[in-house]
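According to the UniProt record's numbering, the sequence shown holds residues 1 to 505 in order. Note that the Cβ used here is the ideal one computed from N, Cα and C, for glycine as well. Note that the coordinates shown come from a computational prediction; the quantities given were computed from them, not determined experimentally. Structure record follows, encoded as structure tokens.
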Amino acid sequence: MDLHATSSPSTPASTLGPDSPSYLGQIDHLTLDTSSLQHSFLLPVPASNPTTPLYLHIILQPSPLPQDAPVIHRVFPIIQYLVPRAEKHHLLDSPSPSSSPASAPSTTPIPHLPRKIRLHLCRDRTSYPHGQIPRDVAGNMQLLHTPPHAYLPIVDVDKMASATSKDIELLFTFPHIIEDPSIPKEEAFVPLNSLPSSSPSTPTHFGFLLEVHSVSLGWFRLTRSIDANVDALSSPSSASTLKISQEEGRNMKGMIADTDPSLLAFTLLAALLHGLFEWLAFKEDVQHWRKLDSLEGTSYTAVLLDAATRCFTVVYLYEKRQDTSLLILGGALLSACTALWKVRRAWAHRASNPASGGPKPSRELTLTEKADAQATRYLFLLGPPLALTYAVWSLYYVTHTSFHAWTMNSLMALMYLLGFITMTPQVLVNHKLRSVAAMPVKVFIYRFLNTIVDDLFAMVMPMPNLTRVAAFRDDVIFVILIAQMWWYPRRKSEEKEEEKKEKAE
Numbered sequence: 001m002d003l004h005a006t007s008s009p010s011t012p013a014s015t016l017g018p019d020s021p022s023y024l025g026q027i028d029h030l031t032l033d034t035s036s037l038q039h040s041f042l043l044p045v046p047a048s049n050p051t052t053p054l055y056l057h058i059i060l061q062p063s064p065l066p067q068d069a070p071v072i073h074r075v076f077p078i079i080q081y082l083v084p085r086a087e088k089h090h091l092l093d094s095p096s097p098s099s100s101p102a103s104a105p106s107t108t109p110i111p112h113l114p115r116k117i118r119l120h121l122c123r124d125r126t127s128y129p130h131g132q133i134p135r136d137v138a139g140n141m142q143l144l145h146t147p148p149h150a151y152l153p154i155v156d157v158d159k160m161a162s163a164t165s166k167d168i169e170l171l172f173t174f175p176h177i178i179e180d181p182s183i184p185k186e187e188a189f190v191p192l193n194s195l196p197s198s199s200p201s202t203p204t205h206f207g208f209l210l211e212v213h214s215v216s217l218g219w220f221r222l223t224r225s226i227d228a229n230v231d232a233l234s235s236p237s238s239a240s241t242l243k244i245s246q247e248e249g250r251n252m253k254g255m256i257a258d259t260d261p262s263l264l265a266f267t268l269l270a271a272l273l274h275g276l277f278e279w280l281a282f283k284e285d286v287q288h289w290r291k292l293d294s295l296e297g298t299s300y301t302a303v304l305l306d307a308a309t310r311c312f313t314v315v316y317l318y319e320k321r322q323d324t325s326l327l328i329l330g331g332a333l334l335s336a337c338t339a340l341w342k343v344r345r346a347w348a349h350r351a352s353n354p355a356s357g358g359p360k361p362s363r364e365l366t367l368t369e370k371a372d373a374q375a376t377r378y379l380f381l382l383g384p385p386l387a388l389t390y391a392v393w394s395l396y397y398v399t400h401t402s403f404h405a406w407t408m409n410s411l412m413a414l415m416y417l418l419g420f421i422t423m424t425p426q427v428l429v430n431h432k433l434r435s436v437a438a439m440p441v442k443v444f445i446y447r448f449l450n451t452i453v454d455d456l457f458a459m460v461m462p463m464p465n466l467t468r469v470a471a472f473r474d475d476v477i478f479v480i481l482i483a484q485m486w487w488y489p490r491r492k493s494e495e496k497e498e499e500k501k502e503k504a505e
């Protein structure tokens, strides 16, 4: 088969094929067994009205074309209406026009052009009984009158696919793809109003990638079902408690459509394990803190810093919600609530000190408080200068949408830095006491396993770069704690026995 592509401002085009003035090009020698094929096209953008609809006409015909041969003709809308992203720029340079309050990015969707359009050729050779064709399949069928009850191969656009960085890099290797340098090449969807102005004599051309995939009927139906369900959840009129944003829906669909099936299956398994380990760690942590009767061996500073870091992480991820998976945001919110509850419990134990009429502190508690104070001093000597250095570097060399975004990014870097050294007090307490008996072992094991899963998510799921780095940061902390568990294997009961002997002497 040969594929011919034509653009038109309406679904019934006057002329199609090579004779049309909006003819884009053709792909020769396609078969239903073609696994994957990519071709670049130049799309003429309307000069008169930027909101003029654009449709892609796809014609598939036998090669060579016999007389009265059936032809597949499908029409798909090209323009997608999306909420525009805020423009990033260097804050110390001359102010960007979009940085003024009057030109703040609107939440109203505007027309965008996709960098990639993926076509699915369905390998369906099923003979359906009369009246028993599945509804999702029948809507994409093109029936023939001769012979009776026959249908042409199913062709449809994969709405879940979006251009990846590799696709865009490939697109700009074609010599006839010429783009305006002001258009970001890393974006999967480009706003129509960001293209260079055109005139009827010199129209603007937009380069996009047409990808043809041959898929099985099962995969075809599965992707359509997922697409419909995600669209229902991301619809503005959705009343579901699991409602997600349109950006979240595109991220979810892109992860499914553009990830290798084996890696996707492994990632879904990892997501289940992530939820399981998160729940087990949460349950064991709550049980440990409910039974906790003293802060011996537990760093109060580490508990406070952990709560502050997790709370600010929720705020940061919410600010970056267009680039953040709902799974990541939900897990961060649960962790923040748990951390705040632990602060309340720790404060209750700390309040029952000798100054408040409590019993005389034990040797372990005294060593814990001294080590905690020492680690806190080191923390405030090293943390702020490093965070300030990063903030200045980010201001000079990294693009941001506004000073508010730069402030949030700098504070988040400080929180992640504190998160990296938030276990320093606990590590020092363990070292001074020569014991890890106060640490909840089960919680530690579950979180260590969850850190391994987070490393996988950091490579697959969309999230801000700082959050991605923080996922690998936790590995270093857990390695140190594992080493301490190896060095200090004594049990708490044995240590208390030694303390009793010392008091008796």
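- Residue burial is scored here from C-beta neighbours: S162 has at least 16 other C-beta atoms within 10 angstroms and is therefore classed as buried.
- For Y446, the number of other beta carbons within 10 angstroms of its own is at least 16, and it is reported as buried.
- Between P109 and V83, the CB-CB gap stays under 7 Å.
- Between S36 and H213, the C-beta spacing is below 7 Å.
- DSSP places L317 in the uninterrupted alpha helix (DSSP H) bounded by 300-319.
- Ranking K283, R74, V453, P153 by CA distance to the CA of R125 puts P153 first.
- A residue is called buried when at least 16 other Cβ atoms come within 10 angstroms of its Cβ; K253 meets this threshold and is buried.
- Burial check for Y397: the Cβ neighbour count within 10 Å stays below 16, so the residue is exposed.
- The Cβ neighbour count for A483, taken over all protein chains shown within 10 Å, is under 16; the residue is labelled exposed.
- If you look at Q287, you'll find it in the alpha helix (DSSP H) that goes 261-291.
- Taking all protein chains in view, the Cβ of K342 is crowded by 16 or more other Cβ atoms within 10 Å, so the residue is classified as buried.
- Rounded to whole angstroms, A69 and L144 show a C-alpha spacing of 11 Å.
- As the crow flies, the alpha-carbon of S8 is around 18 Å from that of L209.
- With 16 or more other Cβ atoms inside 10 Å of its own Cβ, V427 counts as buried.
- Counting along the chain, S225 sits inside the alpha helix (DSSP H) bounded by residues 217-234.
- For R250, the uninterrupted alpha helix (DSSP H) segment begins and ends at 246-258.
- For A5, no alpha helix (DSSP H) run applies; the uninterrupted beta strand (DSSP E) run containing it begins and ends at 2-8, by DSSP.
- Rounded to whole angstroms, I78 and I452 show a C-alpha spacing of 41 Å.
- For P84, DSSP records no beta bridge to any residue.
- When rounded, the separation of the alpha-carbon atoms in W219 and N140 is 14 Å.
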